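Novice: Numbering (our numbering), first residue to last: 2 to 324.
Beta carbons are placed, not taken as given, at the ideal position from N, Cα and C, and that holds for glycine.
These figures come from a predicted structure and were not determined experimentally.
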Ligand code: 8YV
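1. Using the beta-carbon count (16 or more within 10 Å), is residue 180 buried or exposed?
2. How is residue 8 classed by DSSP in three states: helix, strand or coil?
3. Out of curiosity, what's the CA-to-CA distance linking residue 303 and residue 104?
4. Evaluate the contact criterion for the stretch 210-223 versus the stretch 246-259: three or more CB pairs, one atom per stretch, below 8 Å.
5. Compute the Euclidean distance between the alpha carbons of residue 172 and residue 268, then round it to the nearest angstrom.
6. Using DSSP's beta-bridge definition, name the partner residues of residue 285.
7. Using a Cβ distance threshold of 8 Å, determine whether the stretch 133-145 contacts the stretch 108-125, with at least three qualifying pairs required.
8. Using the Cα positions of residue 197 and residue 189, report the straight-line distance between them to the nearest angstrom.
9. Can you tell which of 233, 35 and 151 has the C-alpha that lies nearest to the C-alpha of residue 12?
10. Okay, do the stretch 297-312 and the stretch 255-274 touch, 3+ Cβ pairs below 8 Å being the bar?
11. Could you check the C-alpha separation between residue 293 and residue 106 for me, to the nearest Å?
12. Would you say residue 209 and residue 178 are within 7 Å of each other, going by their C-beta atoms?
13. Nearer than 6 Å: is that true of the beta carbon of residue 54 relative to any heavy atom of the ligand 8YV?
14. Name the two residues that bound the continuous beta strand (DSSP E) containing residue 28.
15. Does any CB atom of chain B fall closer than 7 Å to the CB of residue 269?
16. Nearest to residue 81 by alpha carbon, out of 93, 60, 91 and 71?
17. Confirm the yes/no value for this check: CB of residue 104, any heavy atom of the ligand 8YV, distance under 6 Å.
18. Would you list the residues sitting across from residue 55 in a DSSP beta bridge?
19. For residue 319, count neighbouring C-beta atoms within 10 Å of its own C-beta (all shown protein chains included) and say buried if the count is 16 or more, exposed if not.
20. Heavy atom of the ligand 8YV less than 6 Å from the Cβ of residue 292, yes or no?
21. Which one of 112, 63 and 55 has the shortest CA to CA distance from residue 337?
22. Between residue 79 and the ligand 8YV, is there a pair consisting of the residue's CB and a ligand heavy atom that are separated by less than 6 Å?
23. With a Cβ-Cβ cutoff of 7 Å, do residue 52 and residue 17 count as a contact?
24. Apart from the five residues on each side of it in sequence, which residues of its chain come closer than 6 Å, Cβ to Cβ, to residue 287?
25. Suppose you measure from the CA of residue 111 to the CA of residue 240; what does that come to, to the nearest Å?
26. To test your reading of the DSSP string, which unbroken beta strand (DSSP E) runs of 3 or more residues are found completely within the stretch 235-264?
27. Within the same chain, show all residues whose beta-carbon is closer than 6 Å to that of residue 92, passing over the 5 residues directly before and after it, in chain order.
28. Can you tell me the Cα-Cα spacing of residue 360 and residue 95, whole angstroms?
29. Beta carbon of residue 22, beta carbon of residue 310: below 7 Å?
30. Considering only residues of the same chain and omitting the five flanking positions on each side of residue 33, which have a CB-CB separation below 6 Å?
31. Cβ of residue 113 within 7 Å of Cβ of residue 48?
32. First and last residue of the alpha helix (DSSP H) that includes residue 160?
33. To which residues does DSSP link residue 196 through a beta bridge?
34. Please state whether the Cβ-Cβ distance between residue 214 and residue 168 is less than 7 Å.
Given below as structure tokens:
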């Protein structure tokens, strides 16, 4: 029997690529550069399955083909707001993602960012590497204590819950949660957390606000200048979700005029292009979208895609089908 044809749009961990090559008639994008919309359209007419990532902008232009050969977009990553789901559905294309397997690592990174910004670790590293450290003194790079503070978690899905676990059990933080739907009382009780009815009510309570909601049009610029003003003047904003959730211009204003304490970002509005104003802000930590960047998570994400693909081509319902 002929194996399904598969295009992998970026390089993946070796172990996963090896299994893909064994199981499918697979084409790898050896250049590892994101496909253009035209290349994506061509791929849609050639392959049974496309395996995209967040760097593939699969909007109306990329999906504008008269008839697609592709039957499944098996996304490598949990977030899939880079895919125009409605348009993909018009071609009858199924979409899957890779939840669970990256939750711990992404929560670890959110914790890393919280600690880095509050303890001024980015500033300290920059100073030391610039050869500008002139020795210990009681007033040098004094930051803010993290342990015991109030953490607001926006979006209490898998990653938000993993962060709550770390913050509650590891750092004795008080957890408040904003989530679109009600969170089960036993889940909140596990972290001694409290659900707050609205985001506007949550923000003024927090010393740290960490975003764990999906991106996409529905949540675009959810953190805008009005909401930044609702934060305490010494509070920190952490984003490991999607860049578009924050109005970046408003954030640069808040950081420059110090109306909040600082911010730490792993994702950006137009990544990998970075608003140069952000780089001017000392009270900001920036990482290049490293949320799931561990060998363990990246391999597990790949094997999860393989599970979804084999289910799909065996005629079973893939466990992570989102559309
Ligand atoms: C991925 C992520 O590395 O899974 C996600 O949604 O943001 C990252 O952890 C990336 O998006 C892969 O598509």
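Specialist: The structure says:
1. Classification for residue 180: buried.
2. If DSSP states are grouped into helix, strand and coil, residue 8 belongs with the strands.
3. About 14 Å.
4. Contact between the stretch 210-223 and the stretch 246-259 is present, because at least three Cβ pairs lie under 8 Å.
5. Each residue's alpha carbon lies about 24 Å from the other.
6. Paired residues: 264.
7. Three or more Cβ pairs closer than 8 Å define a contact, and the stretch 133-145 meets that threshold against the stretch 108-125.
8. Going by the C-alpha atoms only, they are around 11 Å apart.
9. If we check each option's Cα against that of residue 12, 35 comes out closest.
10. Note that the stretch 297-312 does not touch the stretch 255-274; fewer than 3 beta-carbon pairs, one per stretch, sit closer than 8 Å.
11. The alpha-carbon atoms of residue 293 and residue 106 are separated by roughly 6 Å.
12. Taking 7 Å as the Cβ cut-off, residue 209 and residue 178 do not qualify as a contacting pair.
13. Within the cutoff, so yes.
14. 26-29 is the span of the beta strand (DSSP E), which, as asked, contains residue 28.
15. Looking at the structure shown, chain B is missing, and only one protein chain is on hand.
16. For the residues 93, 60, 91 and 71, the minimum Cα distance to residue 81 belongs to 60.
17. Checking every heavy atom of the ligand 8YV against the Cβ of residue 104, none is found closer than 6 Å.
18. Its beta-bridge partners do not exist; DSSP assigns none.
19. Flag for residue 319 reads buried.
20. Yes, the Cβ of residue 292 comes within 6 Å of a heavy atom of the ligand 8YV.
21. The requested residue 337 does not occur in the structure, where the chain is confined to residues 2 to 324.
22. Correct: residue 79 has its Cβ closer than 6 Å to the ligand 8YV.
23. No; because the gap between Cβ atoms is not below 7 Å, this pair is not in contact.
24. Listed in chain order, the non-local C-beta contacts of residue 287 below 6 Å within the same chain comprise 266, local neighbours out to five positions each way being set aside.
25. Distance from the CA atom of residue 111 to the CA atom of residue 240, rounded to whole angstroms, is 7 Å.
26. 237-240, all fully within the stretch 235-264.
27. Around residue 92, the same chain offers 69 as residues with beta carbons nearer than 6 Å, after the five sequence neighbours per side are excluded.
28. This structure gives no information on residue 360, because the portion of the chain shown stretches from 2 to 324.
29. Not a contact, by the Cβ cut-off of 7 Å.
30. So the qualifying residues of the chain are 11 and 12.
31. In this structure, residue 48 does not lie closer than 7 Å to residue 113 by Cβ.
32. Where residue 160 is concerned, the enclosing alpha helix (DSSP H) stretches over 159-166.
33. For residue 196, which the question treats as bridged, DSSP gives the partners 178.
34. The answer is no: Cβ separation not under 7 Å.
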